[in-house]
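Notes to accompany the following structure.
Number of protein chains: 2
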Amino acid sequence: MQRYFTDATLTVGAHATLNSTVEHHAVTVLRMQVDDQLEVADAQGHAFVTTITKTAPLTVRVERPIPQSHELPVAVTIVCGISKGQKAELIVQKATELGVRQVIFVNTQWATARWLPDRAAKKVARLQQVAQSAAEQSHRDRVPQVSFVPLLDAVLHMEADAKVVAYEESAKAGEHAQLIQTLRQQPRSLIAVFGPEGGLAPAEVSNLNDVGFVNVGLGPRILRTETAPWYLLAAISTYTELQEEQSDRVNS
Amino acid sequence: MQRYFTDATLTVGAHATLNSTVEHHAVTVLRMQVDDQLEVADAQGHAFVTTITKTAPLTVRVERPIPQSHELPVAVTIVCGISKGQKAELIVQKATELGVRQVIFVNTQWATARWLPDRAAKKVARLQQVAQSAAEQSHRDRVPQVSFVPLLDAVLHMEADAKVVAYEESAKAGEHAQLIQTLRQQPRSLIAVFGPEGGLAPAEVSNLNDVGFVNVGLGPRILRTETAPWYLLAAISTYTELQEEQSDRVNS
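Top to bottom, those sequences are chains Y and L. The first sequence finishes on residue 259 if you use this note's numbering, and the numbering steps up by one all the way, no holes. The second sequence finishes on residue 259 if you use this note's numbering, and the numbering steps up by one all the way, no holes.
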């Protein structure tokens, strides 16, 4: 069933009007009609099955909650050095499918591309749309938030249960244990920093380490700047969503 | 250090001449000179540090083996339904970074795109180049093999220790345990089938199930056709490369 998002908070039995972008997609593109059903996830990250009662403006009756969560049990923030070309869109789209909660782009010392603050707002708005589309398509319960900070310093004091930095030199040195050790602590939130194509400067890694970011290796192969966050998200899903189910079965 | 591949089998102390594509990249693009070092992985999947002794034709002296393997401990074959546009290139590039051993593209019933056998050879040759570049960049010890088969039937009787199919309906039904159960058997080879955008037809899944392919869910979010094989490869890496290191440490 098609899934959309609303900024409202939904309750079963009530009606809700969806915004014009959703109306255009559902009514004009997909030609949905009165009595057709669609899923709507609300501002609280709760999803419901709804029935269309009116198409202009698009209005739905909230039928029943969808109990199964589609959210990673760890709220993951990825912080990505700016890359050239269309990589930011690809990072956001795939990271959304893989369950990311927040994506922050940041200018770093060794990056070969840089966003100017006055043009970043437009880029972020475009990337937020990419996140929204990918969240609908992958049946997320929340749309990840995309933002930009001009300096890595802004990331140093963000709060999270676990903080890691994907440092290529750690991977090359054969570091394979730290990510799992971090996940064993059952963090409810995790922030992970990824360098751009040129990597992070040693001074940047050192600054991150000083405030508690731990270097993690992501397997023995050298991953491109966009692949590394996807690997991390898939690894967290594997550890928390596939294994947990597994231990449930073993215990039952 | 830059990594290249050779079809030869290398031995320490011997000299080897690399092919003209490698010569162009190393000498013309990167401006490497006599006495510069580069890594070369040979036909056996063994990698060595080498020193350039001549630039035309590019000739190296084999100095020493690189003991650390960059290959997934499970030889993974992914079989992908044909998708529209440039997705095949993206699938091959990222799957190579994530450790795939073989990528097979196949026409399926519900696909919205189809490769004609007479044009497939050219596509496969191009994709093989993508695999080679990605293997160099990610420091693989082997270049994954790319191929095309016109019918899914050709896949039914391929040999592998484990055979899975990523079936969207299984994921929707909340199947979260099967992949880990499969990996617990410590397969040395695994073949995984992924549908195109339209998904696999139930009859196709049924045919796969009949010959021992097991339906696996890849977490609660709905992944696009290109994202699903990346998730699988990252999950296998997490289970075999991150966890194994972990248990080594626990035991030592």
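Yeah, the Cβ is synthetic: ideal placement off N, Cα and C, and Gly gets one too.
Where residue 68 of chain L is concerned, the enclosing beta strand (DSSP E) starts and stops at 65-72.
Runs of the beta strand (DSSP E) lying entirely within the region 73-103 of chain L, each at least 3 residues long, are 82-88 in chain order.
Counting along the chain, residue 169 of chain Y sits inside the beta strand (DSSP E) bounded by residues 169-173.
The beta carbon of residue 151 of chain Y sits closer than 8 Å to the beta carbons of 99, 102, 103, 107, 108, 109, 110, 138 and 142 from its chain, once the five residues preceding and following it are set aside; these are given in chain order. By the neighbour-count criterion, in which 16 or more other beta carbons inside 10 Å mark a residue as buried, residue 90 of chain Y falls on the buried side. Listed along the chain, the chain L residues whose CB falls inside 8 Å of the CB of residue 133 of chain Y amount to none; the nearest CB is some 19 Å away. Three or more Cβ pairs drawn from the region 167-183 of chain Y and the region 221-228 of chain Y lie within less than 8 Å of each other, which places the two stretches in contact.
The shortest CA-to-CA distance from residue 85 of chain L to any of L:22, L:202 and L:51 is the one to L:202. Within chain Y, the residues whose beta carbon sits less than 9 Å from that of residue 144 of chain L are 229 and 231, listed in sequence order. For residue 9 of chain Y, not one C-beta of chain L is nearer than 9 Å to its own C-beta. Under the three-state reduction of DSSP, residue 15 of chain Y is assigned to coil, being neither helix nor strand. Under the three-state reduction of DSSP, residue 46 of chain L is assigned to strand. Between the region 116-125 of chain L and the region 204-214 of chain L, the count of C-beta pairs closer than 8 Å reaches three or more; the two stretches touch. In this structure, the alpha-carbon of residue 48 of chain L lies about 18 Å from that of residue 64 of chain L.
Only residues of its own chain outside the window of five on either side were considered, and among them 146, 147 and 148 have a CB closer than 6 Å to the CB of residue 77 of chain Y, listed in chain order. Listed along chain L, no residue sits closer than 9 Å to residue 202 of chain Y by beta-carbon distance, the nearest being about 15 Å off.
The shortest C-alpha to C-alpha distance from residue 112 of chain Y to any of Y:10, Y:162 and Y:190 is the one to Y:162.
Just so you know, the alpha carbons of residue 189 of chain Y and residue 200 of chain Y end up roughly 15 Å apart. Secondary structure in the region 168-242 of chain Y: the alpha helix (DSSP H) runs of 4 residues or longer, each lying completely within the stretch, are 175-179, 185-191 and 209-217 in chain order.
For residue 28 of chain L, there is no enclosing beta strand (DSSP E); the residue is found in the alpha helix (DSSP H) stretching over 27-30.
In the three-state scheme derived from DSSP, where H, G and I count as helix and E and B as strand, residue 21 of chain L is classed as coil.
Between the C-alpha atoms of residue 69 of chain Y and residue 54 of chain Y there is a straight-line separation of about 10 Å.
CA-to-CA, the gap between residue 204 of chain L and residue 212 of chain L works out to about 15 Å. In terms of beta-carbon proximity, residue 195 of chain Y stays away from the interface with chain L, with every pair separated by 9 Å or more. A Cβ-Cβ contact shorter than 9 Å links residue 42 of chain L with residue 58 of chain L. 75, 76, 77 and 78: these are the residues of the region 55-78 of chain L whose beta carbon lies less than 9 Å from some beta carbon of chain Y, given in chain order. For residue 30 of chain L, the CB contacts under 8 Å within the same chain, skipping 5 residues up- and downstream, are 62, 63, 64 and 65 in chain order. Using a Cβ-Cβ cut-off of 8 Å, residue 242 of chain Y is close to 241, 242, 244, 245 and 249 of chain L, given in chain order. Under the Cβ criterion of 9 Å, residue 48 of chain Y is not counted among the residues facing chain L. Contact check for residue 249 of chain Y against residue 181 of chain L fails: the beta carbons are separated by 9 Å or more.
Counting the other Cβ atoms within 10 Å of the Cβ of residue 176 of chain L gives fewer than 16, which makes it exposed.
Here the alpha carbon of residue 87 of chain L sits roughly 9 Å from the alpha carbon of residue 95 of chain L. Cβ contact annotation for residue 20 of chain L (same chain, cutoff 8 Å, sequence separation greater than five): 68 and 69, in chain order. Looking only at L:191, L:144 and L:187, the smallest Cα-Cα distance to residue 105 of chain L is reached by L:144.
Contact annotation: residue 82 of chain Y and residue 244 of chain Y have beta-carbon atoms that are not nearer than 9 Å. Under the Cβ distance rule, residue 187 of chain L counts among the residues neighbouring chain Y, one pair being separated by less than 9 Å.
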